[in-house]
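These protein sequence lines map, in sequence, to chains P and E. Count along the first sequence from 1, add 551, and you get the number used in the numbering used here. Count along the second sequence from 1, add 1, and you get the number used in the numbering used here. Glycine is no exception: its CB is placed at the ideal position from the N, C-alpha and C atoms. Computed from a predicted model, the values in this text were never measured in an experiment.
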Amino acid sequence: MELGPIFRALMHNPTRFWLITVEVALTLAIVVNCVAIILDRRELLTRPSGLDEPNLVVVTTQPFVDDFTEEGFIDTVREEDLRRLRAVPGVRAAAAIDYLPLAGGGSITSLAAAEDDSESDGHPAPYFVVGLGALDALGVELVAGRDHIEADLRPGYGEPENLIVTQAFADRIYPDGDALGKSLVDTDNDVVFGYIIGIIREMHNAWPRSSIAGLAMLRPGPAQDPREIRYMVRTEPGALDAVFNQLEPTVLAVNADRIITVRPIEEYKRRYFDDEIVLVKVLTVLAVLLVAVTSLGIIGLTSFSVTQRTREIGTRRALGATRSAVLRYFVIEIWVITGIGLALGALLTYALNYALAHLAGAPSIDWPLIAAGIALLWGIGLVSALAPAFRATLVPPVVTTRSV
Amino acid sequence: MFGYLIRIALLSLRRNPVLSTLLIAAIALGVAVSTAFVTVYYVYSGNPIPSKSESLFYVQMDSWDPNRPYSRRRPELPPEQITYRDMQGIMASDIPTYHSGMFVAGLTIHPPDAGQRPFRERARMCFADFFPMFEVPFAYGGGWGRESDRGPEPVVVIDAATNDRVFGGGDSVGKTLRIEDRVFTVAGVLAPWRPSPRYYDPHNGPNQKPEAIYIPFEFVREFEVYPGGNHLIWDDSDGNTFEEHLTSEGVWIQMWVQLDTPEQRQAYADFLDAYVMEQKKLGRFGRPLNNRLLDVMQWLRHREVVPEEATGMLVISLLFLLVCAVNLIGILLGKFLARAPEVGVRRALGASRTSVFLQHIVECQLIGVIGGLFGLGLSALVLRLINRLLDNSGQFGLDLPMVAAGIGLSLVAGLVAGLYPAWRVCRVAPAIHLKLQ
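As structure tokens, this is what we get:
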């Protein structure tokens with residue numbers, strides 16, 4: 552191997568060595584940190600919510616006449632709305648719901664296990680108030696107990712309610728796995744808030760970004776808010792686009808004194824995750840640009856070095872070195888330089904990650920990600936150097952005899 | 002002398018147009034990215050009302066649960082908003098130059114054109130002082146008078162977009178508009194107004210644009226308007242009726258006061274203390290006396306309105322510029338050293354090292370500035386794109402300080418890239434190159 556001569560030659564004129572080293576190290580640090588953030592946010596954006604997201608569309612109605620404050624009027628309109636919505640071809644299920652999962656706005660209370668007096672503040676309990684048929688309308692899966700029935704709806708004021716909770720919520724409050732049938736206590740006044748009658752496998756609440764995204768509770772309703780009546784409509788797979796435009800006329804035909812908003816749940820989710828989506832896009836573009844810039848830099852520096860060393864290359868050729876030996880020389884050289892740069896870069900990556908974690912809550916970096924980054928940049932370093940190195944092999948031995 | 006150096010530098014750039022383009026493109030790319038994210042950070046962290054940020058104060062009082070602090074993580078903090086009762090209590094003060102309680106709600110607007118369906122808009126319910134206190138700009142008319150707060154009188158201020166939508170634009174002062182079930186008279190139409198961050202209510206989205214319509218606060222009773230924003234309560238006083246909601250311990254109102262002099266500030270702080278002590282006698286305010294008056298920047302810092310993402314992008318984009326500059330070192334080195342024979346001749350003819358160095362540094366700075374100008378243009382495009390992606394109604398844009406920052410960044414990048422190559426080339430020994438000629 553020619554490692555010895557390569558290294559001595561490098562040290563003879565170390566500028567190029569240092570430039571590539573620094574550039575590769577910086578690039579590795581930035582790109583790996585960008586990718587770590589991208590992966591972290593993508594995980595947030597793509598993790599399953601338990602809901603049948605692609606087929607859910609939300610119909611929000613906001614009445615503007617006083618009729619809706621009269622007792623019973625809301626119920627009449629709601630029943631008719633739901634009956635007609637369910638009859639639209641392509642609609643699989645529809646149910647009343649007060650707030651929306653994945654949309655960033657909702658209600659939360661705090662509850663504790665009946666026998667738990669250790670934690671006075673209880674556990675966060677984000678909830679939705681839903682009408683009958685909500686499980687089917689949300690597309691969530693019941694794994695234990697039962698769905699709400701007519702008799703569960705609207706218990707008297709302050710009476711315990713029959714509640715359906717997510718598995719994550721049940722496990723958090725009753726870690727022994729025996730939550731079904733147990734009671735939940737309101738930590739504000741130590742009164743029994745309700746009983747767990749059903750457990751669903753998974754459902755994200757209104758704050759899918761938060762650490763408590765998986766905690767959700769369905770209270771029997773429907774809510775009696777005269778200002779806003781909302782329906783979750785679930786279409787047959789792929790039928791959302793066909794159904795979409797029929798929903799507004801359907802509910803307007805029941806009662807026209809309201810403002811209607813029809814919007815797929817995925818759009819609410821997109822708005823909620825706006826920052827993450829933009830960040831992922833921006834970081835992806837930056838990482839790609841950065842690798843391209845670095846690659847161009849290596850090409851430039853290697854070309855320059857080949858030009859500078861034309862006479863040396865010619866001399867080697869004249870002394871009997873083959874073309875492949877010349878190529879090998881440059882390939883090994885760039886391999887050594889980027890290798891050293893990447894070793895430094897690994898340290899720099901951790902340093903930058905430390906800074907970003909403190910300044911910007913960036914996720915910490917695992918070594919496989921750094922390893923992948925090193926492999927990528929090593930490969931790109933080699934590929935970038937190939938063209939100039941190949942040009943070096945074309946230097947004819949006769950160069951030595953000219954120009955002095 | 003300087004003009005001569007620039008002329009030489011331009012000549013040198015023209016000699017190898019491909020290389021020069023590459024150099025300029027590298028700087029432009031780095032400057033575009035870094036200026037864009039410096040701007041994003043600057044907008045997020047900036048002072049939205051520099052002229053009076055030190056005389057506007059956000060009012061906080063600790064009316065929370067006697068048994069539990071408002072924030073478990075930071076128990077020393079009072080609630081972030083105040084109750085309706087307390088707002089009424091402290092609005093009675095005549096100490097502040099201006100003061101207003103406020104909250105955001107969704108209200109139904111019925112356009113006069115029968116062909117248009119009613120629609121919901123975000124409305125701010127506030128007092129007359131809101132407009133002069135926050136220096137809200139008007140295209141037509143103005144805010145309403147304090148006398149309209151009592152009553153209240155049906156007067157409304159609308160933003161430009163609503164004016165276009167409902168009245169087709171123009172001076173709509175004096176026209177009428179049905180909101181919920183009352184007919185309101187338009188008192189003023191806003192000129193474009195985009196405080197960033199939206200400091201008067203960072204709770205409900207520090208980067209949202211201001212509300213579409215503004216009506217006197219006291220319509221809260223007539224319309225029975227529930228808050229459309231953040232609303233927290235610690236007991237069960239928020240019963241079934243609207244009156245119970247209003248008198249409950251729920252906090253949902255933002256309270257701002259303008260206090261111009263230290264005496265005013267002291268007097269108002271004393272007034273708040275006295276108010277709370279009075280309420281304690283009535284059995285409310287079970288927690289220790291803990292009133293706070295934070296000025297605009299203190300309040301924004303407390304709310305941590307700068308998204309972590311913006312800080313992260315700032316760091317990453319500056320490093321990106323650094324990589325671009327390091328890249329240039331190599332290219333410039335090649336370019337300058339290729340010129341070594343020429344430099345040798347100049348040196349032999351008596352040019353000092355300093356003048357050779359200066360000549361090359363000027364060339365680097367020229368590349369920096371040209372690249373920077375292109376970069377600024379590019380970064381305006383980047384910001385437009387980010388505005389579109391975030392759908393934030395043009396929150397980010399280059400202003401004069403940011404243009405200066407962009408030029409500054411490009412000069413620094415040019416210096417970082419050029420220092421070493423210029424130093425190397427000025428050390429060229431005259432003799433060797435003369436021999437080679």
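- Counted as a single uninterrupted DSSP element, the beta strand (DSSP E) harbouring I715 of chain P occupies residues E712 to T717.
- DSSP assignment within the segment 76 to 154 of chain E yields the following whole alpha helix (DSSP H) runs of 4 residues or more, N-terminal first: 85 to 92, 131 to 134 and 147 to 150.
- DSSP places R770 of chain P in the strand class (E or B) of the three-state scheme.
- Close CB contacts of E181 of chain E within its chain, under the 7 Å cut and outside five residues either way in sequence, are with L108, T109 and F224 (chain order).
- The segment 56 to 70 of chain E makes no contact with the segment 415 to 430 of chain E, as fewer than three CB pairs between them are under 8 Å.
- For L731 of chain P, the CB contacts under 7 Å within the same chain, skipping 5 residues up- and downstream, are A695, G696, I747 and I750 in chain order.
- At a cut-off of 8 Å, the C-beta of N328 of chain E has a neighbouring C-beta in chain P.
- Of all residues in the segment 564 to 584 of chain P, the ones placed with a Cβ closer than 9 Å to any Cβ belonging to chain E are T566, R567, L570, I571, V573, E574, L577, T578, A580, I581 and N584, in chain order.
- Not a single CB atom of chain P sits nearer than 8 Å to the CB of M403 of chain E.
- Across the structure, S13 of chain E and I332 of chain E are spaced so that their CA atoms are roughly 14 Å apart.
- In this structure, the straight-line span from the alpha carbon of V370 of chain E to that of L23 of chain E is close to 14 Å.
- Distance between E219 of chain E and G143 of chain E, taken at the CA atoms: about 19 Å.
- Nearest neighbour of G189 of chain E by Cα position, chosen from E:V221, E:P263, E:K176 and E:P198, turns out to be E:K176.
- For Q613 of chain P, at least one C-beta of chain E is nearer than 8 Å to its own C-beta.
- Residue pairing by DSSP places Y782 of chain P opposite P:V610 and P:A647 in a beta bridge.
- Judged by DSSP secondary structure, M256 of chain E falls within the beta strand (DSSP E) whose first and last residues are Q255 to Q259.
- Taking 7 Å as the Cβ-Cβ cut-off, the segment 850 to 862 of chain P approaches chain E at G851, L852 and F855, given in chain order.
- With fewer than three CB-CB distances shorter than 8 Å, the segment 918 to 937 of chain P does not count as touching the segment 828 to 838 of chain P.
- By the beta-carbon neighbour count (other beta carbons within 10 angstroms, threshold 16), P228 of chain E is buried.
- Around N164 of chain E, the same chain offers G170, S173 and V190 as residues with beta carbons nearer than 7 Å, after the five sequence neighbours per side are excluded.
- DSSP, reduced to helix, strand and coil, places V642 of chain P within a strand of the structure shown.
- Annotation: G345 of chain E to S356 of chain E spans about 13 Å, alpha carbon to alpha carbon.
- If you draw a 10 Å sphere on the C-beta of Q360 of chain E, you find 16 or more other C-beta atoms in it, and that means buried.
- A665 of chain P sits in coil when the DSSP states are folded into three classes, being neither helix nor strand.
- At a cut-off of 8 Å between beta-carbon atoms, I810 of chain P makes contact with chain E.
- In chain order, M103, F104, A106, I216, F218, F220, V221 and V226 place their CB closer than 7 Å to the CB of M126 of chain E, counting only its own chain and leaving out the 5 sequence neighbours on each side.
- Excluding five sequence positions before and after T853 of chain P, the CB atoms of its chain that fall closer than 6 Å to its own CB belong to A936 and P939, given in chain order.
- Within the DSSP secondary-structure output, L294 of chain E pairs in a beta bridge with E:V60.
- Here DSSP, grouped into helix, strand and coil, assigns H303 of chain E to helix.
- With a 10 Å radius around the Cβ and a threshold of 16 neighbouring Cβ atoms, I700 of chain P comes out exposed.
- Around the Cβ of P113 of chain E, a 10 Å sphere holds fewer than 16 other Cβ atoms; the residue is exposed.
- Counting other Cβ atoms within 10 Å of its Cβ, W918 of chain P stays below 16 and is therefore classed as exposed.
- Sequence-distant partners of L30 of chain E (beyond 5 residues in either direction) whose C-beta falls short of 8 Å from its own C-beta, in its chain, are C325, G376 and L379.
- The Cβ-Cβ distance between D672 of chain P and S661 of chain P falls below 8 Å.
- As far as DSSP is concerned, V694 of chain P takes part in no beta bridge.
- Spatial neighbours of L693 of chain P in its own chain (CB-CB distance under 7 Å, excluding positions within 5 residues in sequence) are listed in chain order as L686, G749 and I751.
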